[in-house]
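A.B. asks:
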Amino acid sequence: MDSLLNIIIALLGPDAVRDDDHYPASVPSFLVPRERFIEAARGMKQAGSRLVAEWATDERNMEITLPFKGRDRSVLREVEGVGMGYGIYTCFSLDSEYIIINCRIPVDDPTFPSLTRKFVPASRFERQMRSLMGVIPVGHPDPRPWIKHEDWPEDAYPLRKDFDPSRPMPRVKGEYLWIRAEGEGVYEIAVGPVHAGIIEPGHFRFQAVGEDILHLEERLGYVHKGIEKRFESLSWLDGARLSGRVSGDTTVAHALTYCRALEAMTGCIIPERASWLRALMLERERIANHLGDIGAICNDVAFAFLLYQFSILRETMLRTNDKLFGHRFMMDRVIPGGVSIDITTEGKEDILREADRIKQDFERLVITYDENPSLEDRVRDAGVLSTEDARELGVVGFVARASGIGLDCRVQNPFPPYDRIIPKMTVLNSGDIHARVWVRIEEIRESIRIIYEILEGIPEGNIIGRFDPPSKECTGFAVVEGWRGEIVYWLQSGPNGEVNRCMVRDPSSVNWLALELAIHGNIVPDFPVCNKSFNQSYSGNDL
Amino acid sequence: MLKILHQIFRTGIVTEPLPQEVEEEIKVVSQALEEAVRRRFHGSLTIRAVDAGSCNACELELHAMNNPIYNCERFGIHFTASPRFADMLLVTGPATRNMEIALKRTYNAMPPPKLVVAVGDCGCDGGIFGEGYAALGGIGKVLRVDAYIKGCPPKPADLLKGILGVIS
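Chains A and B supply the protein sequences, listed in that same order.
Just so you know, the first sequence maps onto residues 1 to 543 in our numbering.
Just so you know, the second sequence maps onto residues 1001 to 1168 in our numbering.
1) What does the alpha-carbon distance come out to for the pair Ile-269(A) and Gly-465(A)?
2) Among Pro-121(A), Val-480(A) and Pro-193(A), which residue has its Cα nearest to the Cα of Thr-1106(B)?
3) What separation, rounded to the nearest whole angstrom, lies between the Cα atoms of Trp-553(A) and Glu-498(A)?
4) Is there a Cβ from chain A that is less than 8 Å from the Cβ of Asn-1108(B)?
5) How long is the line joining the alpha carbons of Thr-344(A) and Arg-440(A), rounded to whole angstroms?
6) Under 8 Å, Cβ to Cβ, is there at least one residue of chain B near Thr-320(A)?
7) What does the alpha-carbon distance come out to for the pair Pro-145(A) and Pro-271(A)?
8) For the beta strand (DSSP E) that Gln-536(A) lies in, which residues bound it at each end?
9) What is the rounded straight-line gap between the Cα of Gly-431(A) and the Cα of Ser-533(A)?
10) Got a sec: is the Cβ-Cβ distance from Glu-315(A) to anything in chain B below 8 Å?
11) Report buried or exposed for Ser-96(A), applying the criterion of at least 16 other Cβ atoms within 10 angstroms of its Cβ.
12) Could you work out which residues of chain A lie near Ile-1163(B), taking near to mean beta carbons separated by less than 8 Å?
13) As a quick exercise: from Gly-1053(B), Asn-1067(B) and Cys-1058(B), pick the residue whose alpha carbon is nearest that of Ile-1013(B).
14) Can you list, in chain order, the residues of its chain whose CB lies under 7 Å from that of Gln-128(A), leaving out five sequence neighbours each side?
15) Would you list the residues sitting across from Trp-632(A) in a DSSP beta bridge?
16) Name the chain B residues that come within less than 8 Å of Gly-174(A), Cβ to Cβ?
17) Around the Cβ of Ala-41(A), are there at least 16 other Cβ atoms within 10 angstroms (buried) or fewer (exposed)?
18) Between the region 435–451 of chain A and the region 356–369 of chain A, do three or more beta carbon pairs fall short of 8 Å?
19) So, with DSSP's three-state summary, where would you put Arg-18(A)?
20) Could you give the DSSP three-state label for Met-1110(B): helix, strand or coil?
21) What does DSSP give as the partner residues of Ile-1047(B) in its beta bridges?
22) Can you tell me whether Asn-1108(B) is buried or exposed? The criterion is at least 16 other CB atoms within 10 Å of its CB, across all chains shown.
23) Pull up the distance between the alpha-carbon of Asp-542(A) and that of Pro-158(A), whole angstroms please.
24) Does the CB of Glu-1034(B) have a neighbour CB from chain A at under 8 Å?
25) State the beta-bridge partners of Asn-61(A) as determined by DSSP.
26) Within the same chain, show all residues whose beta-carbon is closer than 7 Å to that of Phe-231(A), passing over the 5 residues directly before and after it, in chain order.
27) In chain A, which residues lie with their C-beta within 7 Å of the C-beta of Val-1050(B)?
28) Is DSSP giving Asp-1163(B) helix, strand or coil here?
29) On the three-state DSSP scale, how would you describe Trp-236(A)?
30) For chain A, check one thing: does any of its Cβ atoms lie closer than 8 Å to the Cβ of Arg-1074(B)?
31) With a 10 Å radius around its C-beta and 16 neighbouring C-beta atoms as the bar for buried, classify Phe-1009(B) as buried or exposed.
32) Can you find a CB in chain A that lies within less than 8 Å of the CB of Ser-1054(B)?
33) Taking 8 Å as the threshold (C-beta atoms), are Ala-478(A) and Thr-266(A) in contact?
34) Is the region 319–326 of chain A touching the region 503–522 of chain A in the sense that three or more CB pairs, one from each, lie closer than 8 Å?
35) Taking C-alpha atoms, which residue in Gly-337(A), Ala-435(A) and Cys-103(A) lies nearest to Arg-278(A)?
36) Give the interface partners of Cys-1124(B) over in chain A, defined as CB-CB distance under 7 Å, in chain order.
The following block contains the structure:
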């Protein structure tokens, strides 16, 4: 099997220009002419890769020659005279390899060929690019806005540089065109944005016959805070704090991905101890969230006993976090250059003691989960996401692993100590609620083992290295396996090293679509538990 | 079934009269809270929580208030799905433009008298999300707020304390 890098070189030859100011070098970034963009995507599809992310940039203020000095300028011919125009970026991945392919499009004709018919996840990515950057995916089957609600002015494109984010957005008249189902006995259930429980807002619209769901359509964007735009007005250091608030339940993993992308583009070397401490926090975050969610899933099928039991274990971990790291969720503890807090010998012992206790209680609760027929009846064969669908949608994280796809950045793209302490990946094939629960049960076990090993092998030394913000135009990329799955950040600095663009892709951005598919053929009362078994982030999706 | 019963008895009651780290303070809070709920709300304070753009960390701590350790129901505090039954609207997030209308509608659906509490640093003034086209810069920009609970996110004990502050 050929690497994606070789495929793109063989396919486009000199038309694919490698960007030398993109870091890390292990993830190559290629500029291709717009008219060959689709050809490159086709090559990626044929190689069996998945579309990781697709995003747009406003590079009108970027210096045209900088990244491509001395190169054949014909690839830039379309944007002559207006800086770099708009950039259209795609990221593809196959096994452990990632590649970025991008093209530039002129300001007076901001169109690019849609990839939606080749890659399903492009559907929402491109709707979002159109909504927020005003670049037009030609051939996209769905012209409706995404994240941008219908009462925004048509020409409000927040991610463009000439958009003033401090101005309040006026409201205009508009209507969202829902997909309709008609026929005898078909009715509609509209839910949200304010839901029954203490959860994030989003709108779900079901078409149902009796109890059977014919179709579910999600409409999100309610918690759109303008995070990507906000990054552009903050310093690189403050950006780390903001990234820790993209999705509060994943604060460590988000801040870590941001920092790794930033450290890659600035050549910042972090001390080894810091890297191990980051992994320690990442695993603690994983365990705490898995514990809470498994309990909540049981509660959604009226088995409150396990909710309470699991929430005690979760609370135990959060308190230890507070004691050792000074924050229950360890917010702002991962910073550019390393971490802001070290653990002491007593801290180590606290964690070990806690791990022993949690392991014991946890195993007892797992037996209760496993042996309860009424629970089993609800979680097996419900909310099934088939392997084919999962692959087609490009899902990531535990959702992918429960549907037969072995993706885990800790295994495929490890940072220390994961190069030494290799996580065992649990991959199940049934794709139902139970599979998603069981993958997470196995991951708790595995994370506890990893924590033991980290504490045993953690090297001594500093916890923070020297960090200098970028001073020129360059881009950085990083992926980290948060508890939900692969998190992607792509950062771009402008001519003076300022933040030009910060692209965030939470696992939820691709996994939300999977819920729409998995719910087909299920009954309406099973929706809450199906939804909970995916537990996607609204905030991480809406940004 | 035996295993479940066994586990229930083994666990016992874990509800803490007070989290150790803020022992004295919270002891006072929980007693005062119970008293205030009993006196002012006939023993039951019903809360409708709305996320108006939070990063979801505040929601996690609101959930924690319900866990067996904090067990806010013992004070007569419970969360309701319907705003029609709510005495208090607990709002998180910087108030996003896309949630503004839904938030107002939820508020309007509540019977007066009603209390509004803004939760979290961004609920108070927009926090790190600031004020702009998408985030309006705090719940106070949309509704009249009776009390603010600061923190990013506020801990469950802080939430209990904040709720006490507004009802006493």
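For each residue, glycine too, the CB sits at the ideal point set by N, CA and C.
For clarity, every value in this text was computed on a predicted model and none was experimentally measured.
C.D. replies: If we stick to the structure as given:
1) 7 Å
2) Pro-193(A)
3) Any question about residue 553(A) goes unanswered here, given that chain A covers just 1 to 543.
4) no
5) 29 Å
6) no
7) 44 Å
8) First-last for Gln-536(A): undefined, no H or E at that position.
9) 11 Å
10) yes
11) exposed
12) Residues of chain A passing the Cβ test: none, with the nearest at roughly 14 Å.
13) Asn-1067(B)
14) Trp-146 and Ile-147
15) A question about residue 632(A) goes unanswered here, because the residues of chain A that appear run from 1 up to 543.
16) Chain B residues near Gly-174(A): none, gap ~13 Å exceeds 8 Å.
17) buried
18) yes
19) strand
20) coil
21) Phe-1079(B) and Met-1088(B)
22) exposed
23) 14 Å
24) no
25) BP columns for Asn-61(A) are empty, so no partner.
26) Gly-239, Leu-242, Val-499 and Cys-502
27) Val-194
28) Rather than Asp, the amino acid found at residue 1163(B) in this sequence is Ile. Three-state result, Ile-1163(B): helix.
29) helix
30) no
31) exposed
32) yes
33) no
34) no
35) Gly-337(A)
36) In chain order: nothing, as chain A lies at least about 14 Å away.
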